[in-house]
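Have a look at the structure below, then the notes.
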Amino acid sequence: MNKDKKSLIDLDIFKKYNVKWILSISIWTFALAIGVSLISENILRNLDILMAVISLIGIIIIGVVFDIIGISVAVSDEKIFHSMAANNIKEAKYAIKLVRNAGQVSNFCNDVIGDICGIISGSAGAIIVLRLINQYGFKEGTFVSIVMTGIIASLTVGGKAIGKEIAIYNSEKIIFRVSKIFMFLHTKLGIRVLPSLKKKKKK
Numbered sequence: 178m179n180k181d182k183k184s185l186i187d188l189d190i191f192k193k194y195n196v197k198w199i200l201s202i203s204i205w206t207f208a209l210a211i212g213v214s215l216i217s218e219n220i221l222r223n224l225d226i227l228m229a230v231i232s233l234i235g236i237i238i239i240g241v242v243f244d245i246i247g248i249s250v251a252v253s254d255e256k257i258f259h260s261m262a263a264n265n266i267k268e269a270k271y272a273i274k275l276v277r278n279a280g281q282v283s284n285f286c287n288d289v290i291g292d293i294c295g296i297i298s299g300s301a302g303a304i305i306v307l308r309l310i311n312q313y314g315f316k317e318g319t320f321v322s323i324v325m326t327g328i329i330a331s332l333t334v335g336g337k338a339i340g341k342e343i344a345i346y347n348s349e350k351i352i353f354r355v356s357k358i359f360m361f362l363h364t365k366l367g368i369r370v371l372p373s374l375k376k377k378k379k380k
């Protein structure tokens, strides 16, 4: 009896996962990671130290921003957006879509974009190290590389730690602002990123 109950529980858990999404996002991440890595390496290779540093900071900020969006969607409740929708606030519909697709949105923002930003920031850091060694004659290349890795890691982790606090306490405001972008893409450019709303099944 316990075995049958356990197998039913396992089956229910498996049904909850969007297998199609998992497979598609894995393939897209593989392709994006290779493509972005190749493009970024070719671009960053031609930059001087200052531009490489600016690019590195920009990449870290992008990663933090997407991390904030992913966490905001994961911790938010859609009830407040239903109230907005009842008051004919158009952005609310897109906000509800974001919250209802929290798993996919947070996976894309936190994992896919996070990993890609990690790849690019690593490439930018390597370019900066090479420029420092070539232009300023640093003999201890390994030491410079270790310090650069530490700087990138501390900026990324520190930025995401601050971002998490912002996301947790301002999730509704953040989602509402993101929903404005999705509404613009859909209404002005005809680009539909999120699926249509479906009525929730009553338990």
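Quick note on this note's numbering: the sequence shown kicks off at 178 and runs consecutively.
Don't be surprised by glycine CBs; every beta carbon is placed ideally from N, CA and C.
- Between the segment 288-300 and the segment 215-224 there are three or more C-beta pairs closer than 8 Å, enough to call the two in contact.
- Counting only the Cα atoms, Ile202 lies some 13 Å from Ile293.
- Taking 8 Å as the cut-off, the Cβ atoms of Lys357 and Glu268 count as close.
- By the beta-carbon neighbour count (other beta carbons within 10 angstroms, threshold 16), Glu255 is buried.
- Within the same chain, Asp244, Ile245, Ile248 come within 8 Å of Lys341 by CB-CB distance, once the 5 residues on both sides are set aside.
- In the three-state reduction of the DSSP assignment, Lys270 falls in the helix class.
- By the neighbour-count criterion, in which 16 or more other beta carbons inside 10 Å mark a residue as buried, Ser217 falls on the buried side.
- Taking 8 Å as the upper bound for CB-CB distance, Arg308 and Ala229 are in contact here, some 7 Å apart.
- Per DSSP, Ile290 lies in no alpha helix (DSSP H) segment and is marked neither H nor E.
- Using a Cβ distance threshold of 8 Å, Val289 and Thr206 count as a contacting pair.
- In this structure, Ala263 lies away from Lys270, with their beta-carbon atoms at least 8 Å apart.
- For Gly318, the closest alpha carbon among the candidates Ile204, Ile304, Asn287 is that of Ile304.
- Judged by their CB atoms, Gly291 and Thr326 are not nearer to each other than the 8 Å cut-off.
- Closest option to Val252, judged by alpha-carbon separation, among Trp198, Val324, Ala279, Gly212: Ala279.
- Taking C-alpha positions only, Asn287 is separated from Gly335 by approximately 15 Å.
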